[in-house]
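See below for the structure under consideration.
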Amino acid sequence: MNLVINGQTYQVAKDPPRVLLWVLRDELGLTGTKFGCGAGYCGACTVHLDGVAVRSCQVPVSRVAGRAVTTIEGLARGEELHPVQRAFLEAQTPQCGWCMSGQMMTATALIAANPRPSEEEIIAAMDGNYCRCGAYARIRRAVARAAALARAATEAV
Amino acid sequence: MGATVKRKEDPRLIRGAGAYVADLKLPGMLHLALVRSPYAHARIRGIDASAAQALPGVVTMVTGRDMLPLCDPLPLASSGEGSEGGEVYTGRVRHVLAVERARHAGEAVAAVVAASYPVAVDAAQTIEVDYEPLPVVSDPLQALAPGAPPIFEGLNDNLDHRRRRQKGDVEAAFAAAHVVVRQRMLNQRLAGFPLEGRAVLAAPDPTTGGVTLYSSTQTPHQVRSEVATVLRLNENQVRVIAPDVGGGFGVKIGSYPEEHLCAALALQLNAPVRWVENRLEHMLATTHGRAQICDIEAAAAADGTITALRMRIVADLGAYPLAPVLPDLTTAMGVGVYAIPNVDLEAVSVYTNTTPVAAYRGAGRPEAAYYIERAMDLVAAELGLDPAAVRRRNFIPPDAFPYKTPTGLTYDSGEYDRALSKALERAGYAELRREQAHRRAHADPATPLLGIGIACYVEMCGFGPYESARVKVEPGGAVTVSTGISPHGQGTGTTFAQIVADQLGVDFDQIVVRHGDTATTPMGIGTMGSRSLAVGGGALMGALARVRDKAIRIAAVMLDVGPEEIELCERCYRVRSAPHRALSLAQIAARAYSRKLPADIDCGLEATEYFRPPDLIYPFGAHVAVVEVDPETGEVRLRDYIAVDDCGPRISPLIVAGQIHGGLAQGIAQALLEEVVYDANGQLLSGSLMDYAVPRADFFPPFTLDQTETPTPLNPLGVKGVGEAATIGSTPAVANAVIDALAHLGVRHLDLPLRPEKVWRAMRGRR
Ligand code: FES
Ligand code: FES
Numbered sequence: 471m472n473l474v475i476n477g478q479t480y481q482v483a484k485d486p487p488r489v490l491l492w493v494l495r496d497e498l499g500l501t502g503t504k505f506g507c508g509a510g511y512c513g514a515c516t517v518h519l520d521g522v523a524v525r526s527c528q529v530p531v532s533r534v535a536g537r538a539v540t541t542i543e544g545l546a547r548g549e550e551l552h553p554v555q556r557a558f559l560e561a562q563t564p565q566c567g568w569c570m571s572g573q574m575m576t577a578t579a580l581i582a583a584n585p586r587p588s589e590e591e592i593i594a595a596m597d598g599n600y601c602r603c604g605a606y607a608r609i610r611r612a613v614a615r616a617a618a619l620a621r622a623a624t625e626a627v
Numbered sequence: 008m009g010a011t012v013k014r015k016e017d018p019r020l021i022r023g024a025g026a027y028v029a030d031l032k033l034p035g036m037l038h039l040a041l042v043r044s045p046y047a048h049a050r051i052r053g054i055d056a057s058a059a060q061a062l063p064g065v066v067t068m069v070t071g072r073d074m075l076p077l078c079d080p081l082p083l084a085s086s087g088e089g090s091e092g093g094e095v096y097t098g099r100v101r102h103v104l105a106v107e108r109a110r111h112a113g114e115a116v117a118a119v120v121a122a123s124y125p126v127a128v129d130a131a132q133t134i135e136v137d138y139e140p141l142p143v144v145s146d147p148l149q150a151l152a153p154g155a156p157p158i159f160e161g162l163n164d165n166l167d168h169r170r171r172r173q174k175g176d177v178e179a180a181f182a183a184a185h186v187v188v189r190q191r192m193l194n195q196r197l198a199g200f201p202l203e204g205r206a207v208l209a210a211p212d213p214t215t216g217g218v219t220l221y222s223s224t225q226t227p228h229q230v231r232s233e234v235a236t237v238l239r240l241n242e243n244q245v246r247v248i249a250p251d252v253g254g255g256f257g258v259k260i261g262s263y264p265e266e267h268l269c270a271a272l273a274l275q276l277n278a279p280v281r282w283v284e285n286r287l288e289h290m291l292a293t294t295h296g297r298a299q300i301c302d303i304e305a306a307a308a309a310d311g312t313i314t315a316l317r318m319r320i321v322a323d324l325g326a327y328p329l330a331p332v333l334p335d336l337t338t339a340m341g342v343g344v345y346a347i348p349n350v351d352l353e354a355v356s357v358y359t360n361t362t363p364v365a366a367y368r369g370a371g372r373p374e375a376a377y378y379i380e381r382a383m384d385l386v387a388a389e390l391g392l393d394p395a396a397v398r399r400r401n402f403i404p405p406d407a408f409p410y411k412t413p414t415g416l417t418y419d420s421g422e423y424d425r426a427l428s429k430a431l432e433r434a435g436y437a438e439l440r441r442e443q444a445h446r447r448a449h450a451d452p453a454t455p456l457l458g459i460g461i462a463c464y465v466e467m468c469g470f471g472p473y474e475s476a477r478v479k480v481e482p483g484g485a486v487t488v489s490t491g492i493s494p495h496g497q498g499t500g501t502t503f504a505q506i507v508a509d510q511l512g513v514d515f516d517q518i519v520v521r522h523g524d525t526a527t528t529p530m531g532i533g534t535m536g537s538r539s540l541a542v543g544g545g546a547l548m549g550a551l552a553r554v555r556d557k558a559i560r561i562a563a564v565m566l567d568v569g570p571e572e573i574e575l576c577e578r579c580y581r582v583r584s585a586p587h588r589a590l591s592l593a594q595i596a597a598r599a600y601s602r603k604l605p606a607d608i609d610c611g612l613e614a615t616e617y618f619r620p621p622d623l624i625y626p627f628g629a630h631v632a633v634v635e636v637d638p639e640t641g642e643v644r645l646r647d648y649i650a651v652d653d654c655g656p657r658i659s660p661l662i663v664a665g666q667i668h669g670g671l672a673q674g675i676a677q678a679l680l681e682e683v684v685y686d687a688n689g690q691l692l693s694g695s696l697m698d699y700a701v702p703r704a705d706f707f708p709p710f711t712l713d714q715t716e717t718p719t720p721l722n723p724l725g726v727k728g729v730g731e732a733a734t735i736g737s738t739p740a741v742a743n744a745v746i747d748a749l750a751h752l753g754v755r756h757l758d759l760p761l762r763p764e765k766v767w768r769a770m771r772g773r774r
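Residue numbers (the working numbering), protein chains in the order written: chain F, 471 to 627; chain L, 8 to 774.
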């Protein structure tokens, strides 16, 4: 079957049944998406399915055929970072970095759906993404900043 | 130095382009899955793998017995402090795969190697192990009881060792005390839970006949030595690479069975073998932390002066002694920031049928800070004094440093009241107490109970015996640093680059810091114990001084003046009296590798330096937690948190802040959320994120960070270490705050974690 990931089409086997996360990582070499728990709790594996943030460790690959998948590798346009990435970079958000792909994918989906998230809305949206390194304060700041950068970018157009 | 710079690590991390072990793939790579004991204690009578062997894609299946010819037993720590404990081991042996007995649930007993990971896992599930369950001791107090079944054959009991530290006349001080407070305190078992679990990829190395091992570790050199020993190779036949590592927090120190197993099987099969831990395996087979029980007694005068302290700690080492020194660090740090003349502190370390206990952020010191800081509050409550006043009455005064503790340590420097005063002021302590009194006086049953908690901590860092750094100025003027430390999220590479830029006069962007590869770095201890900058930075400063001196000598020749005439200023080596006559490091480097270099100067521009810290160092600080407890539900809300930390000078303030944020998150979570729980059969009841409560984004208020700065005289940068400090301070601060909120209800102590149900029961007088 065909998967459309970051705008590119990939062919993968239909069987055996498996989840999107491992297809991305092990079969397609898109290792930016991480594994944290495999049980839908930690958010490390977050990707977008038709623009909505989902946990790729819980998504059977068969459900994805023909739909648009975006992973962290698809966030930047070539050299040009996505506003969320710029904000995360500016705020020096990462520690070990393991959770960061998932954090940024959740943040991107939030901002797309809600360009002016309040502090509470940011916390609520980011609540399902664990960071064991405790970067939460910087993540919050980075998401607010990312929203501002994204608004500035759209207004400029 | 001291400036805010951008972390060199971040650009690749925010693109998802970090390279962690599980991201690596080698041609022909095979996958390993493990069969783990479901029993906490069992004899292995037989293993039937015929079904597994028959599955397509399965390459091999091995048991503990199969591995005996390939692997010597794993290193175990010797009893007592350091490696000089001198105990001879009898039955205490740990193999890569259990041979006769499994001693904790999750101990690996067999392994399957297959062409893909799913096949390996499926095959592992078909393996039938014939277990004979043995009696289980999962509780450390029961493990010590007479008649408890011994975990190791050949030993009479489950005692690893006991160590007692005594000073002064404790009996007399207790007899003369105005008050005595006593309390049993639990320091619950925790899991490290780095979001990236452990992972290993071993590949045969045809050049040496040994292996290259990629491992998610904090200590590549230690892993190299241990793998070489177990596989009977020379150290130069083992290359260990720690690429990007997704957090460690102490649980990735040293080698684990899986590293030896993958290495041995890669050699045997002549193919790369990879193992990636899943989350349940992490909870079962990666070391835990804390796990102590402490009976503490303090004798005090009427004014709050503590005259004597007794502690008896029972420390649960789990099924194998991996870090039995840690409970002895707890007693060493037993008096905290206080001048207590008479002490009798003992730690008894025991085995249980549980996952081994070793380092977790703070490793022995958070326990000490928790006990003494809780005891301070108990004394204050008993005497009706303010907890801040009791602390001030007992502080080691600033003029007493270097201070010899009754436990045998020498604290290098400290100004404890300064940190406390600053924290209280930032918190608005007097106003908070007024608010608390007001709330209590106008008790509306729906108003949250306000609690204010203080913790003054001191901790022990800068562990040796050495750390290394090599600084090489390339012929074009760029600078490459190789270091024995192995950062895994801290951002220490960035701090190192800042120091290099400052000390050599080179552009920050021209500097590459290499770490985590035993083939390209000098011998190192690794990153743990808040030692990277204090010890690794010492080595770096030594190497930089030698390179700079040589650059100055070469510049002097080039500019035809004496070396004393050259100064390093604004990225230039220039003549003091004629500043327009100046050279860049690149110009000097070109000369250092050229024919024109004078014969009396050695070729090249590099230096390798080892730093041996003369003694340990002792960062400190004062934290204030403000909590509100919901009277209906017992839920604790952290309203405010003030952390004043003194780690000496801050080279990279943002990187220090990152460490403090992370430390606070983990320390606060010990106070309120996290606990590894076993049942009486040694079955783990908290194996997933459902039952092991790691804190989330909504849990923390914005933190107020502040600092005092007391440099240590014991290393060239004067820095003290900050990786664990905030964890150590925050657990007691939050615990004290919650108990303070309930103090007017007669509550004096509650064991951690302070989850709603426990707090709710305490409010209702039902323990
Ligand atoms: S790995 Fe998917 S939610 Fe944790
Ligand atoms: S940065 Fe390490 S888990 Fe978030």
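Even for Gly, the Cβ is constructed at its ideal location relative to N, Cα and C.
Among L:Gly296, L:Asp351, L:Met318 and L:Ile303, nearest to L:Pro331 - alpha-carbon criterion: L:Gly296
C-beta neighbour in chain L for F:Glu543, strict 8 Å: yes
C-beta atoms of L:Ala150 and L:Thr359 nearer than 8 Å: yes
Spatial distance of F:Gln573 from F:Leu494 (CA atoms): 18 Å
Three-state secondary structure assigned by DSSP to L:Gly736: helix
Under 8 Å between C-beta atoms of F:Thr578 and F:Val554: yes
Cβ of L:Phe710 within 8 Å of any chain F Cβ: yes
CB contact check: F:Thr576 to chain L, cutoff 8 Å: no
Residues near L:Ala508 by beta carbon distance below 6 Å, same chain, minus five either side: Phe515
Of the listed residues L:Leu274, L:Val357 and L:Thr219, nearest to L:Leu31 (C-alpha basis): L:Thr219
Residue from L:Leu752, L:Gln497 and L:Thr717 with nearest C-alpha to L:Gly253: L:Gln497
Every unbroken alpha helix (DSSP H) inside the stretch 186-264 of chain L [4 residues or more]: 227-238
Residues of its chain near F:Met575, where Cβ-Cβ distance is below 7 Å and the 5 sequence neighbours each way are ignored: Thr516, Val517, His518, Ala523 and Ile542
Interface flag, L:Asp607 vs chain F, CB-CB below 8 Å: no
Reference L:Ala115, options L:His102, L:Leu604 and L:Ala121, closest by Cα: L:His102
L:Thr338 beta carbon less than 8 Å from that of L:Thr414: yes
F:Pro564 at chain L interface by Cβ criterion, 8 Å: yes
Proximity test, Cβ basis, 8 Å: L:Met697 and chain F: yes
Beta carbon of L:Ser537 nearer than 8 Å to that of L:Val344: no
Contact residues within the stretch 485-514 of chain L, judged by C-beta distance below 8 Å to chain F: His495, Gly496, Gln497 and Gly498
L:Val237 vs L:Ile459 beta-carbon contact at 8 Å: no
Among F:Val489, F:Asn472 and F:Ile581, the one whose alpha carbon lies nearest that of F:Gln481: F:Asn472
Inter-stretch contact at 8 Å, needing at least 3 Cβ pairs: the stretch 497-504 of chain F / the stretch 19-27 of chain L: yes
Whole-Å CB distance - L:Gly261 paired with L:Glu233, under 8 Å assumed: 7 Å
Touching by the beta-carbon criterion (3+ pairs, under 8 Å), the stretch 293-311 of chain L and the stretch 52-67 of chain L: no
Reference L:Val120; option with closest CA among L:Lys174, L:Gly64, L:Arg172 and L:Gly71: L:Gly64
L:Glu571 burial status per 10 Å Cβ neighbour count (16 or more: buried): exposed
Cβ-based burial, L:Glu764 [other Cβ within 10 Å; buried from 16]: exposed
Distance between L:Gln677 and L:Val245 (C-alpha atoms, nearest Å): 38 Å
Minimum C-alpha distance to F:Leu559 - residue among F:Arg615, F:Val531, F:Ala626 and F:Thr479: F:Arg615
Selection of the stretch 648-672 of chain L by Cβ proximity to chain F, strictly under 7 Å: Leu661, Gly665, His668, Gly669, Leu671 and Ala672
Spatial distance of L:Asp653 from L:Pro620 (CA atoms): 19 Å
Neighbourhood of L:Val701 by C-beta distance below 8 Å, restricted to the same chain and skipping five residues each side: Phe200, Ala676, Leu680 and Glu681
Contact set for L:Val754: own chain, Cβ-Cβ below 7 Å, skip 5 residues either direction: Ile746 and Ala769
Local conformation of L:Leu680 per DSSP, three classes: coil
heavy atom of ligand 2 below 7 Å from F:Met574 C-beta: no
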